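Reading through the structure tokens given below for one structure.
2 protein chains.
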Amino acid sequence: MAGLQQGEVPVSQDVSVVGVAMTSMHRRDQAPEAMARQVVAQAMADAGLGPADIGLVVMANALGGRLSDQGCVRGQSWLRGAGLTPAPVVNVDNSCAGGSSALHLGTLAVRAGQSPVLVVGVEKMWTGDRLGTLAGIEDGLPADERHALHARHENSSGSVLMGLNANWVRQQLEDRGTTLDEIAATAVKARAQGARNPSAQFRQETTAGEVLGSASVVPPLTRLMCSSFTDGAAAVVLESGASSGAPRVRASVLRSGDGELDYHDRLTETAEQAWKEAGLGPSEVEVVEVHDATSAEELWALEALGFFRAGEAGRATVAGHTGYGGAGLYVNPSGGLVARGHPLGATGLCQVVELVEQLRGRAGARQRPDTTTAVAVNTGGIMGGRDAGLVAIHVLQRG
Amino acid sequence: MAGLQQGEVPVSQDVSVVGVAMTSMHRRDQAPEAMARQVVAQAMADAGLGPADIGLVVMANALGGRLSDQGCVRGQSWLRGAGLTPAPVVNVDNSCAGGSSALHLGTLAVRAGQSPVLVVGVEKMWTGDRLGTLAGIEDGLPADERHALHARHENSSGSVLMGLNANWVRQQLEDRGTTLDEIAATAVKARAQGARNPSAQFRQETTAGEVLGSASVVPPLTRLMCSSFTDGAAAVVLESGASSGAPRVRASVLRSGDGELDYHDRLTETAEQAWKEAGLGPSEVEVVEVHDATSAEELWALEALGFFRAGEAGRATVAGHTGYGGAGLYVNPSGGLVARGHPLGATGLCQVVELVEQLRGRAGARQRPDTTTAVAVNTGGIMGGRDAGLVAIHVLQRG
Numbered sequence: 024m025a026g027l028q029q030g031e032v033p034v035s036q037d038v039s040v041v042g043v044a045m046t047s048m049h050r051r052d053q054a055p056e057a058m059a060r061q062v063v064a065q066a067m068a069d070a071g072l073g074p075a076d077i078g079l080v081v082m083a084n085a086l087g088g089r090l091s092d093q094g095c096v097r098g099q100s101w102l103r104g105a106g107l108t109p110a111p112v113v114n115v116d117n118s119c120a121g122g123s124s125a126l127h128l129g130t131l132a133v134r135a136g137q138s139p140v141l142v143v144g145v146e147k148m149w150t151g152d153r154l155g156t157l158a159g160i161e162d163g164l165p166a167d168e169r170h171a172l173h174a175r176h177e178n179s180s181g182s183v184l185m186g187l188n189a190n191w192v193r194q195q196l197e198d199r200g201t202t203l204d205e206i207a208a209t210a211v212k213a214r215a216q217g218a219r220n221p222s223a224q225f226r227q228e229t230t231a232g233e234v235l236g237s238a239s240v241v242p243p244l245t246r247l248m249c250s251s252f253t254d255g256a257a258a259v260v261l262e263s264g265a266s267s268g269a270p271r272v273r274a275s276v277l278r279s280g281d282g283e284l285d286y287h288d289r290l291t292e293t294a295e296q297a298w299k300e301a302g303l304g305p306s307e308v309e310v311v312e313v314h315d316a317t318s319a320e321e322l323w324a325l326e327a328l329g330f331f332r333a334g335e336a337g338r339a340t341v342a343g344h345t346g347y348g349g350a351g352l353y354v355n356p357s358g359g360l361v362a363r364g365h366p367l368g369a370t371g372l373c374q375v376v377e378l379v380e381q382l383r384g385r386a387g388a389r390q391r392p393d394t395t396t397a398v399a400v401n402t403g404g405i406m407g408g409r410d411a412g413l414v415a416i417h418v419l420q421r422g
Numbered sequence: 024m025a026g027l028q029q030g031e032v033p034v035s036q037d038v039s040v041v042g043v044a045m046t047s048m049h050r051r052d053q054a055p056e057a058m059a060r061q062v063v064a065q066a067m068a069d070a071g072l073g074p075a076d077i078g079l080v081v082m083a084n085a086l087g088g089r090l091s092d093q094g095c096v097r098g099q100s101w102l103r104g105a106g107l108t109p110a111p112v113v114n115v116d117n118s119c120a121g122g123s124s125a126l127h128l129g130t131l132a133v134r135a136g137q138s139p140v141l142v143v144g145v146e147k148m149w150t151g152d153r154l155g156t157l158a159g160i161e162d163g164l165p166a167d168e169r170h171a172l173h174a175r176h177e178n179s180s181g182s183v184l185m186g187l188n189a190n191w192v193r194q195q196l197e198d199r200g201t202t203l204d205e206i207a208a209t210a211v212k213a214r215a216q217g218a219r220n221p222s223a224q225f226r227q228e229t230t231a232g233e234v235l236g237s238a239s240v241v242p243p244l245t246r247l248m249c250s251s252f253t254d255g256a257a258a259v260v261l262e263s264g265a266s267s268g269a270p271r272v273r274a275s276v277l278r279s280g281d282g283e284l285d286y287h288d289r290l291t292e293t294a295e296q297a298w299k300e301a302g303l304g305p306s307e308v309e310v311v312e313v314h315d316a317t318s319a320e321e322l323w324a325l326e327a328l329g330f331f332r333a334g335e336a337g338r339a340t341v342a343g344h345t346g347y348g349g350a351g352l353y354v355n356p357s358g359g360l361v362a363r364g365h366p367l368g369a370t371g372l373c374q375v376v377e378l379v380e381q382l383r384g385r386a387g388a389r390q391r392p393d394t395t396t397a398v399a400v401n402t403g404g405i406m407g408g409r410d411a412g413l414v415a416i417h418v419l420q421r422g
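Chains A and B are the protein sequences, given in the same order. For the first sequence, the numbering used here begins at 24 and goes up steadily by one. For the second sequence, the numbering used here begins at 24 and goes up steadily by one.
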């Protein structure tokens, strides 16, 4: 083991997740501050730390400026009275990937010697102003592209992002051999997982017939194949070193797209970097939370990430391999965006909360026994109408 | 020197500033993307690096959501085509302290082994929508406090923040013995510095009579004592280790207020932490950029930071000690917020650009010879009507 050079200090690369919490999802009656304070109190208690121990707070949120008239100091405003003084609060945004972006910064801060760090994501999407929420979601696109995207993807749902997703689905059906029945089975699996998750937004099981027969969003996508608006928050407490029994962050990799790649190729590129950084490959992963903005997307993402060959994720899902008690990779045990819910800036942290509970053996009715390696994949924004604004992959391992 | 324990890696605590750039201020004809791309290209050239070398981009902006309809992925949107692929872009906000918050995260990232890192601040405040800009500035207050603050501090300028500042000035005049003539002298000094800075927003010298006779903002503050709306951008490139001749970040300290302290006591608390982290005291600092939202504030901040005793900063300023060629601490060589300009999310980086140029001996007509130690003090947001949302202090030393 090498010694230290002048100006160097020894820093542990081990970052432990010592506390997690999340609200139940889709509470229309809770303000962002109530959700934020709740998860902070619970995550601190879970970590066995007091809020005054915290050295840095990274707060992710996407829609506060537009929907809550709280623009620049959201974290400070929503966490007042949470006892975090005098920790600095830094506010982070990356659309649907704000939570994982905040987690990345928190991980870097811990590796730089700052510890413990509190990472919080909170999102209030249900305000009664449906068009405002849609406009806030479209803030994940460059302003100068929105006009062209509306011209190209306008649809009765009002969401150009769902129009864009439908385009991807059509390509998936044609080029990869995925079938609508496979997509429906993926939605059925998501809802079955949601039924096992007390915090999920949608806790009713469904059938393939109900999925295919639900209201059309943008053909071929139906309502039950798509994520919805969600209120919710999640928090994660990170500490330096190998804390006994606490899961570790083995890799934290972000990439931003510039419109040069298709989103799925950006996923592949980011995953390759994550496997390299973690020193393992997709075959060693037991549980994954992927960014299923739609159930179709879950399947293509699994393939892009290297978990399945092109067109094979759907067959595995139909065979029951990817759900609770399945024979293979356990995908979106929380229910994913489609069933657990998708509170934009919190989503990346909701994924990590689920994986940490799996790694600690505390996931209750959805627990996979003896989980040792788990991965969270969170994405946000669309660049150039086809690339991602950000892809984040976190590889976690049992402590 | 101790060796390494299991799981530890050697990390250089030296963070070098290897490239800087800023736009000239107050260009009404430039879009945020044009300003952002300009400073990135110039900072990369200054660093002798290509954009593809960059491992992380931290982008600060405060008003893009409200004034440019660019909410969640501002950095990715404004830096498209800048060649930064595939560096991740993380978007940060902390009102007037976004730039220094981004710099802090960049510094932590470098200390965690990520290098080089690009930190960018950009702000477009002149859009023709004056009330929109004022509302965006008030996003630096908790939404639920704005009503009460408007009731308490409403004034003809339309800015409750200037009302709040005027309150502080009245307290300063009464409690600290500061005089209006000293505040006017501070504004005169700011404009004299601005006249020496080709990038400054205001490059006309002024007199104490003109300052005191200019339009009232909120008594006793007059127009020429106050910062104004500014368009501008700045960028800083950070690298790990002691790069030859490049200034180093000796301390990077942030604190968030919760309304429990007066802002100036929060400044004092943060400064004490910064001196401890840098291993030096205020008497060793030769150049400082303080957050002079008003010229009155420059004086009180200098005292709160420990550079002068209560009431003495004004006398030193009148005596000419704090300006170009002065006998003491050289304060706001760039012209500060009052003369160089205050492009919210960029301001903290504008300060650092000036200090790096001073430390490199490249500050032209405003150069202090043989500068070795310089400090940037940036603040943002108001909590509880009297505390800061964030205070950031960066201590820089010659490489």
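No residue lacks a Cβ here, since even glycine has one placed at the ideal position from N, Cα and C. All values reported here derive from a predicted model rather than from experimental measurement.
At the 8 angstroms Cβ level, is residue i part of the contact set with chain B, yes or no?
{"i": "A/Pro270", "result": "no"}
{"i": "A/Thr108", "result": "yes"}
{"i": "A/Arg50", "result": "no"}
{"i": "A/Met148", "result": "no"}
{"i": "A/Ala132", "result": "yes"}
{"i": "A/Gln137", "result": "yes"}
{"i": "A/Met248", "result": "no"}
Any beta carbon of chain A sitting closer than 8 angstroms to that of residue i?
{"i": "B/Cys373", "result": "no"}
{"i": "B/Gln18", "result": "The structure shown does not extend to residue 18 of chain B, since chain B is modelled only from 24 to 422, so the question has no answer here."}
{"i": "B/Arg89", "result": "yes"}
{"i": "B/Glu31", "result": "yes"}
{"i": "B/Ser27", "result": "Note that residue 27 of chain B is Leu in the sequence shown here, rather than Ser. Chain A, which has a Cβ nearer than 8 angstroms to the Cβ of B/Leu27, makes this yes."}
{"i": "B/Asp424", "result": "Since the first residue of chain B shown is 24 and the last is 422, residue 424 of chain B is not available in this structure."}
{"i": "B/Gly349", "result": "no"}
{"i": "B/Ala327", "result": "no"}
{"i": "B/Gln194", "result": "no"}
{"i": "B/Met406", "result": "yes"}
Looking at the structure shown, is residue i part of a helix, part of a strand, or coil, going by DSSP?
{"i": "A/Arg169", "result": "helix"}
{"i": "B/Ala105", "result": "coil"}
{"i": "B/Glu31", "result": "strand"}
{"i": "A/Ser123", "result": "helix"}
{"i": "B/Thr370", "result": "helix"}
{"i": "A/Ala316", "result": "coil"}
{"i": "A/Arg391", "result": "coil"}
{"i": "A/Gly42", "result": "strand"}
{"i": "B/Met24", "result": "Note that B/Met24 scores a pLDDT of 43, beneath 50, so its modelled location is shaky; the value from the coordinates is reported in the next line. The answer is coil: DSSP assigns B/Met24 none of H, G, I, E or B."}
{"i": "A/Val310", "result": "strand"}
With respect to the alpha helix (DSSP H) encompassing residue i, which residues constitute its N-terminal and C-terminal limits?
{"i": "B/Pro221", "result": "Element bounds for B/Pro221: n/a, residue is neither H nor E."}
{"i": "A/Asn188", "result": "183–198"}
{"i": "B/Glu283", "result": "First-last for B/Glu283: undefined, no H or E at that position."}
{"i": "A/Leu157", "result": "153–161"}
Hey, quick one: how far does the beta strand (DSSP E) through residue i stretch, first residue to last?
{"i": "B/His417", "result": "410–420"}
{"i": "A/Met82", "result": "79–83"}
{"i": "B/Ala135", "result": "Here B/Ala135 belongs to no beta strand (DSSP E), and DSSP marks it neither H nor E."}
{"i": "B/Asp116", "result": "112–116"}
{"i": "B/Gly403", "result": "396–406"}
{"i": "B/Ser91", "result": "That residue, B/Ser91, is in no beta strand (DSSP E); it is neither H nor E in DSSP."}
{"i": "B/Val63", "result": "Not the beta strand (DSSP E): B/Val63 falls in the alpha helix (DSSP H), residues 55–70."}
{"i": "A/Gly255", "result": "255–263"}
{"i": "B/Ser239", "result": "239–241"}
Check whether the Cβ of residue i lies closer than 7 angstroms to any heavy atom of the ligand GDP, and answer yes or no.
{"i": "B/Ser263", "result": "Absence of the ligand GDP is noted for the structure shown, with no ligands found whatsoever."}
Throw me the rounded Cβ distance for the residue i and residue j pair, which I believe falls under 8 angstroms.
{"i": "B/Ala256", "j": "B/Pro366", "result": "7 angstroms"}
Problem set entry | Chain-ordered residues of the segment 277–304 of chain A with a beta carbon less than 7 angstroms from chain B | Leu277, Arg278, Ser279, Asp281, Gly282, Glu283, Glu292
Problem set entry | Interface residues of the segment 91–106 of chain A facing chain B [CB-CB below 7 angstroms] | Answer set for the segment 91–106 of chain A: Ser91, Asp92, Gln93, Gly94, Cys95, Val96, Gln99, Ser100, Arg103.
Exercise. Given a limit of 7 angstroms on CB to CB distance, which residues of the segment 108–127 of chain A reach chain B?
Worked result: Thr108, Pro109, Ala110, Pro111, Val112, Val113, Asn114, Val115, Asp116, Asn117, Ser118, Ser124
Problem set entry | Under 7 angstroms (Cβ pairs) to chain B, residues found in the segment 165–179 of chain A | Within the segment 165–179 of chain A, the residues whose Cβ lies closer than 7 angstroms to some Cβ of chain B are Pro165, Ala166, listed in chain order.
Problem set entry | Residues of the segment 305–318 of chain B with Cβ closer than 7 angstroms to any Cβ of chain A, in chain order | Answer in chain order: no residues at all.
For this session: Closer than 9 angstroms, Cβ to Cβ, to anything on chain A: give me those residues from the segment 58–84 of chain B, in chain order.
Result: Leu79, Val80, Val81
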